[in-house]
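The block underneath contains the structure these notes are about, expressed in structure tokens.
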Amino acid sequence: MTEKFSLNLAVRKLCRKNGLSVHQLAVNCGDKQRAVYQNINRDSPSIAACEKYADALGVSLVELMRAGYVKPPANKESPC
1 MTEKFSLNLA VRKLCRKNGL SVHQLAVNCG DKQRAVYQNI NRDSPSIAAC EKYADALGVS
61 LVELMRAGYV KPPANKESPC
């Protein structure tokens, strides 16, 4: 399996770490809460969106990407 990035996972982890709600994040971004949910739930978020949320969370883009990294499931091969 390939590596995957989830903006939703990253935002939720970093909001929790920083004691922010998604509503507070939306206020920090100047967006409506609904717009934040729509953006973070996209399969392929834009770099601009990722940078916007990283800035609002007070982290670097690299930190945001690390927080949203989804590890592929372990390969469970059965012995032959």
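Numbering-wise (the UniProt record's numbering), the sequence shown opens with residue 1 and increments by one. C-beta: ideal position from N, C-alpha, C; glycine also.
Here the alpha carbon of D43 sits roughly 24 Å from the alpha carbon of N18. The Cβ atoms of L64 and A48 lie no closer than 9 Å to each other. Taking the Cβ atoms as the reference, A67 lies roughly 13 Å from K4, outside the contact range of under 8 Å. Of the other Cβ atoms in all chains shown, fewer than 16 fall within 10 Å of the Cβ of P73; this residue is therefore exposed. Out of K52, A56, K71 and N41, the CA that lies nearest to the CA of L7 is found in N41. Taken through DSSP and simplified to helix, strand or coil, V70 comes out as strand. Burial state of A35 is exposed, judged by a 10 Å Cβ sphere holding fewer than 16 other Cβ atoms.
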